[in-house]
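Engineer:
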Amino acid sequence: MTEWLLLLVAVLLTAGTAVFVAAEFSLVAIDRPTVQRAIDEGDSRARVVLQSVTQLSTQLSAAQVGITITTLVVGALAQPSIGSLVAGPLTALGLSAGAVEAVSSALALVLATVFSMVFGELLPQFLGISAPLATAKVVALPVRVFAAVAKPLIIVLNGSANRFLRAVGIEPQEELSGARTPQELASLVQRSADAGTLDITTARMLTRSLGFGERTADDVMTPRVRCTGIHRDESAEDVLRLSRRTGHSRFPVLGDDWDDIDGVVHVKKAMAVPHERRKDVPVSALMSDRLVVPETIRLDPLLRELREGGFQMAVVVDEYGGTSGIVTLEDVVEEIVGEVADEHDRTRQSGRELVDGSWTVPGLWRPDEVRDAFDADVPDGPTYETMGGFVMSALGRVPVVGDVVSLPGWRIVVAGMAGRRVDRLRFVPDPDSLPSETSSSSEASSSSAASSSSEASSSSAASSSSDGSSPPGEGQP
1 MTEWLLLLVA VLLTAGTAVF VAAEFSLVAI DRPTVQRAID EGDSRARVVL QSVTQLSTQL
61 SAAQVGITIT TLVVGALAQP SIGSLVAGPL TALGLSAGAV EAVSSALALV LATVFSMVFG
121 ELLPQFLGIS APLATAKVVA LPVRVFAAVA KPLIIVLNGS ANRFLRAVGI EPQEELSGAR
181 TPQELASLVQ RSADAGTLDI TTARMLTRSL GFGERTADDV MTPRVRCTGI HRDESAEDVL
241 RLSRRTGHSR FPVLGDDWDD IDGVVHVKKA MAVPHERRKD VPVSALMSDR LVVPETIRLD
301 PLLRELREGG FQMAVVVDEY GGTSGIVTLE DVVEEIVGEV ADEHDRTRQS GRELVDGSWT
361 VPGLWRPDEV RDAFDADVPD GPTYETMGGF VMSALGRVPV VGDVVSLPGW RIVVAGMAGR
421 RVDRLRFVPD PDSLPSETSS SSEASSSSAA SSSSEASSSS AASSSSDGSS PPGEGQP
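What the sequence shown shows, in full-length UniProt numbering, is residues 1 to 477, in sequence order.
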């Protein structure tokens with residue numbers, strides 16, 4: 001009778017172990033905003049859960065102490081009780097006293113361990129992970145009561161562990177951090193999109209937003225080679241003529257050259273000039289102030305400066321003070337929402353898939369734009385910014401039409417040149433190609449790297465401005 005009573009106590013203690021294990025896993029797995037929503041909906045038991053979450057270190061220590069104590073006591077009670085209960089049947093089988101003692105001890109150990117592991121640890125562990133809030137609402141209060149009772153012991157144990165952590169340079173935290181890195185959030189967005197719980201368009205926008213703060217003006221600007229400007233001594237009539245030709249409404253105003261940008265002129269200012277005076281009014285009388293930013297400015301502060309200053313366009317300068325390009329408010333916004341076009345946009349040069357599975361892309365596209373458009377693993381690196389630069393870096397010389405560079409699964413053929421600049425490239429599928437392959441004639445390895453910069457959203461070929469030696473890039477409509 002005593003053995004059965006001890007077994008009953010062991011079962012109750014195993015239930016206690018289950019409570020502590022369930023509390024440990026549910027409190028770690030639970031999401032604090034979920035608890036807060038439950039409180040806002042009037043769930044009083046969720047308040048206890050929130051208190052436990054905000055004192056997580058103490059509650060986990062209490063759970064560990066509870067698990068240790070109950071497990072040790074279960075072992076001390078269950079093993080001899082089970083051994084005594086099975087000794088009689090074993091003796092009846094004719095086993096010797098020594099054999100009965102050995103077999104009964106082994107059976108008792110196995111049965112007690114399996115029971116404690118399955119019902120005291122594994123089941124509550126899975127329950128706490130699968131339904132953390134529901135589980136925590138049941139077990140949080142008992143664990144808090146135990147933590148209050150065992151507080152002196154928990155303080156001693158926590159203090160010892162915290163001193164060790166500080167000794168190795170780690171500051172203990174009472175509450176689990178809810179912060180996530182952009183990479184973790186991007187992975188979560190991707191998994192949600194793959195599972196169908198998040199619309200693919202929304203997922204793409206969220207992914208762009210997560211990387212927004214890491215990008216710089218150099219990544220999104222239109223390089224000066226593709227910008228169209230107008231000199232300060234030209235007239236309002238010239239502004240209107242340039243606007244009709246390019247389809248854009250704002251232009252940087254040049255002093256001596258592209259490294260001397262005095263301001264920005266809007267076509268509306270030129271239109272406001274009386275018709276008979278348009279040939280006489282200089283651009284310098286119509287221009288407004290310009291915002292100058294370094295290449296390295298991140299998009300967050302750049303967007304803030306554009307909005308606070310009421311600017312639609314900024315001049316991007318390099319470390320030597322020379323003009324690198326132009327960045328517009330539209331360029332920055334497009335990094336979040338994707339390509340934005342309006343009725344004033346001219347048709348932009350873009351990538352196009354051909355019937356044979358090959359692609360043609362502008363030489364001014366960035367490697368990341370190629371990777372986004374189709375499955376071509378173009379490497380990034382510090383020696384170039386565009387696909388034309390990638391080809392030039394791989395060949396080690398100025399390309400000519402017909403040159404070929406290999407990529408895994410693709411051959412990149414130079415399809416067109418604009419002077420010494422690569423204008424168009426053709427990506428031809430080549431499943432047999434390897435990363436180290438170098439094709440005959442002008443084929444080169446693609447193992448050199450490229451840095452992801454220079455915005456190619458309006459990838460039209462460089463149209464020459466009035467200064468033929470300085471190929472223009474487009475202003476922003």
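The C-beta atom is built at its ideal place from N, Cα and C for all residues, glycine as well.
Kindly give me the distance between the Cβ atoms of M271 and L240, rounded to whole angstroms, as I take these residues to be in contact under 8 Å.
Structural biologist: With a Cβ gap of about 7 Å, M271 and L240 count as contacting.
Engineer: Rounded to whole angstroms, what's the CA-CA distance from T207 to V189? Just pull it up for me.
Structural biologist: Approximately 7 Å, taken between the alpha carbons.
Engineer: Quick check: the Cα distance between L90 and L157, rounded to an integer number of angstroms?
Structural biologist: Rounded to whole angstroms, L90 to L157 spans 44 Å at the Cα level.
Engineer: How close, in whole Å, do the beta carbons of V143 and A23 come, if the pair is a contact with beta carbons under 8 Å?
Structural biologist: 4 Å
Engineer: Bridge partners for S288 per DSSP, in chain order?
Structural biologist: V264
Engineer: Taking the alpha carbon of G338 as the reference point, which residue from G128, A10, S209, S61 has its own alpha carbon closest?
Structural biologist: S209
Engineer: Can you tell me where the beta strand (DSSP E) holding A314 begins and where it ends?
Structural biologist: Note, A314: beta strand (DSSP E), 313-317.
Engineer: Where does the unbroken alpha helix (DSSP H) through S406 begin, and where does it stop?
Structural biologist: Membership of S406 in any alpha helix (DSSP H) is not indicated; the residue belongs instead to the beta strand (DSSP E) covering 404-407.
Engineer: Compare the Cα-Cα distances from Q173 to each of S324, G309, R307, L56 and report the closest residue.
Structural biologist: L56
Engineer: Based on DSSP bridge pairs, tell me the residues matched to L254.
Structural biologist: H231, I261
Engineer: Is the separation between the beta-carbon of V422 and that of V391 shorter than 8 Å?
Structural biologist: yes
Engineer: Note the first and the last residue of the continuous alpha helix (DSSP H) segment covering W4.
Structural biologist: 2-29
Engineer: Taking 8 Å as the limit between beta carbons, can you name the residues of its chain near T58, skipping five residues before and five after?
Structural biologist: A147, I154, N158, E174
Engineer: Excluding the 5 residues flanking R166 on each side, which residues of the same chain have their C-beta closer than 8 Å to its C-beta?
Structural biologist: P172
Engineer: Between which two residues does the alpha helix (DSSP H) carrying R163 extend?
Structural biologist: If you look at R163, you'll find it in the alpha helix (DSSP H) that goes 151-167.
Engineer: Please confirm whether L7 and S81 have their CB atoms less than 8 Å apart.
Structural biologist: yes
Engineer: In the DSSP assignment, find the alpha helix (DSSP H) that holds T113 and state where it starts and stops.
Structural biologist: 97-117
Engineer: Tell me which residue opens and which closes the alpha helix (DSSP H) that P301 is part of.
Structural biologist: It spans 299-309 - the alpha helix (DSSP H) in which P301 sits, taken as one unbroken run.
Engineer: Can you give me the Cβ contacts of V19 inside the same chain, cut-off strictly under 6 Å, excluding the 5 residues immediately before and after it?
Structural biologist: Excluding residues within five positions, the ones whose Cβ falls inside 6 Å are V139, P142.
Engineer: According to DSSP, what are the bridge partners of I326?
Structural biologist: T222, V315
Engineer: By the three-class DSSP mapping on this structure, what secondary structure does E171 have?
Structural biologist: coil
Engineer: Does the Cβ of G389 have 16 or more other Cβ atoms within 10 Å, making it buried, or fewer, making it exposed?
Structural biologist: With 16 or more other Cβ atoms within 10 Å, it is buried.
Engineer: How should W4 be labelled, buried or exposed, when 16 other C-beta atoms within 10 angstroms of its C-beta is the threshold for buried?
Structural biologist: Counting Cβ neighbours within 10 Å, W4 comes out exposed, since fewer than 16 surround it.
Engineer: Below 8 Å on the Cβ atoms is my guess for V361 versus F427; work out the distance and round it to an integer in Å.
Structural biologist: That belief holds up - the Cβ atoms of V361 and F427 are roughly 7 Å apart, short of 8 Å.
Engineer: Let me check one thing: in DSSP terms, what residues is W359 bridge-paired to?
Structural biologist: When DSSP reads this structure, W359 sits in a beta bridge with E353, F427.
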